[in-house]
Amino acid sequence: PIDTVFTTDSNVVNYNMISDNEVLIYGVENGEGEVLIVQNDTTRNIKVTVDPLIGKLAKQIEDQFVGSTIGLKKVGDSYILTGTAADEESRDAIYQIVGEALGLERIEVKTKFTSETTGFEQDSIPYLSQYQYRKLQNKMALPFANQVNVKVSIVELNRNYSDALGIEWGQAMDVGSFVLNKLKFDATQLTSVINALGNESVARVLAEPNLSVLSGETADFLVGGEIPVLTSSSNGSSVDYKEVGIKMLVAAKVENSQKVRLTLSQEVSNVDSNNITKTNELLLPAIKSRKSRTTIELADGESFVLAGLLSESEKEVLKKIPYIGDIPVLGAFFRSTSSQRERTELVVVATVNLVRPISSSQV
């Protein structure tokens, strides 16, 4: 049987003994209190918060968001939101409703599209921005974390070969048609065609990163190196290092409809050997780069292509008959020079897939 029951503030919380082994605890008015129950030399401490708004709010939210359960605890002048949300979008909506209902101060937190690894930085992404409420912690759990796998193929095509494929990539891939310069189709088909050619002068695959990212987060990729760059200031000159190669940033968010909103930003850069500046006996190379950024919404398993990033280079080609072409004056009749202009197109293809955890028995 229960030996003794104490309450720290009977004006906030009180109790009634129903039987020797049962006690009914009830709220009297808004506030916080504790109930101590002593039974068989064991003491149990129960913390009680009396606030009709909390109970009413929890009931309304659970009715509106089917499959979600919430709990709201008041700790001092702060609140802790607990429970389980049906999905990520429901969790964010519930948090916002509770914060507004409690009249708490709202702060916008922007997610910067940046990478400490690559030094690649761009503006923040609106759909990744979140609102936080002062004195309200969101501890709601999800049944499983949404993860997105993004497979990217970065391909450089000779412009003549690109024209031969035709602007309607759908004829070559047997899927879809162009909308502006973005097209949905199976990404593996393009790289398979290029690999089958086996001729890097016609087309080559620069990189095929495979990135997985949590919904609402960003991921980055870098393959390349660094070159020294001379910078001048009022304090003199210094040497910095600039990264060249292939940089990529990916941001993804899974919507309630299981569509994936994807932002893809990439830069392909390399040293331009045709434009080198000589300063104080130092050779300063120029850097050619091609950048693009796009935001698109795709279903699970869909792909898109971003094309039209053109580059043009020109080089002098010397042809001569060995030995004879090197003879002064006479050799001029046995050698010739010509200019070759090369135009290439950068094509970026991405395929998204939702990743869900599986148990060991499913492997």
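In case it helps, this note's numbering puts the sequence shown at residues 2 to 364. The beta-carbon is built from N, C-alpha and C at its ideal position, and this holds for glycine as well. The structure displayed is predicted, hence computed values, not measured ones.
What's the gap between the Cα of E36 and the Cα of P144? The residue asked about is misnamed: residue 36 is Val in this sequence, not Glu. Going from the Cα of V36 to the Cα of P144 covers about 34 Å.
For K57, three-class secondary structure by DSSP: If DSSP states are grouped into helix, strand and coil, K57 belongs with the helices.
Measure the C-alpha to C-alpha separation of V49 and Q138 and round it to an integer number of angstroms. 19 Å
Inter-residue Cα distance where the pair is E209 and G32: 59 Å
Leaving aside the five residues before and after V67 along the sequence, list all residues of the same chain whose C-beta is less than 8 Å from its C-beta, in chain order. Sequence-distant partners of V67 (beyond 5 residues in either direction) whose C-beta falls short of 8 Å from its own C-beta, in its chain, are A87.
Assuming I365 is part of the alpha helix (DSSP H), what are its boundary residues? Nothing in the structure corresponds to residue 365, since the chain is present only between 2 and 364.
Looking at M141 and R205, is the spacing between their C-beta atoms short of 7 Å? Cβ atoms of R205 and M141: not closer than 7 Å.
Measuring straight from C-alpha to C-alpha, what distance separates V6 and I38? 5 Å
Since Y16 and T8 are thought to touch, with beta carbons under 8 Å apart, how far apart are those beta carbons, to the nearest angstrom? Indeed, because the Cβ distance is near 6 Å, the residues count as touching under 8 Å.
Of all the options Y132, L103, K57 and L73, which has the alpha carbon lying nearest to the alpha carbon of A94? Y132
Mind checking R357: buried by the 16 CB within 10 Å criterion, or exposed? exposed
Segment limits, beta strand (DSSP E) that includes D301: From DSSP, D301 is part of no beta strand (DSSP E); its letter is neither H nor E.
The segment 292-300 / the segment 256-263 touching (three or more Cβ pairs under 8 Å): yes
Since V272 and P286 should fall inside the 8 Å C-beta cutoff, what is the C-beta to C-beta distance between them, to a whole number of angstroms? 5 Å
Could you check which residue in S125, Y80, A252 and R45 has the C-alpha nearest to that of L103? When each option's Cα is compared against that of L103, the closest is Y80.
From which residue to which residue does the beta strand (DSSP E) around I102 run? The sequence given here has Ala at residue 102, not Ile. Where A102 is concerned, there is no enclosing beta strand (DSSP E), although the alpha helix (DSSP H) it sits in stretches over E89 to A102.
Who are the Cβ neighbours of A220 in its own chain at under 7 Å, not counting the five residues just before and after it? L212, V214 and V251
I19 versus P2: straight-line alpha-carbon distance, rounded: 12 Å
I think D52 touches K75, with their Cβ atoms under 8 Å apart; what is that distance to the nearest whole Å? 6 Å
Separation of E218 from A253, as counted between CA atoms: 6 Å
Per DSSP, which residues does S20 bridge with? Please list them. E23
Buried or exposed: E346, going by 16 or more other Cβ atoms within 10 Å of its Cβ? buried
Outcome for E157 when other beta-carbon atoms lying within 10 angstroms are tallied against a minimum of 16: buried
In or out: K320 buried (at least 16 other Cβ within 10 Å) or exposed? exposed
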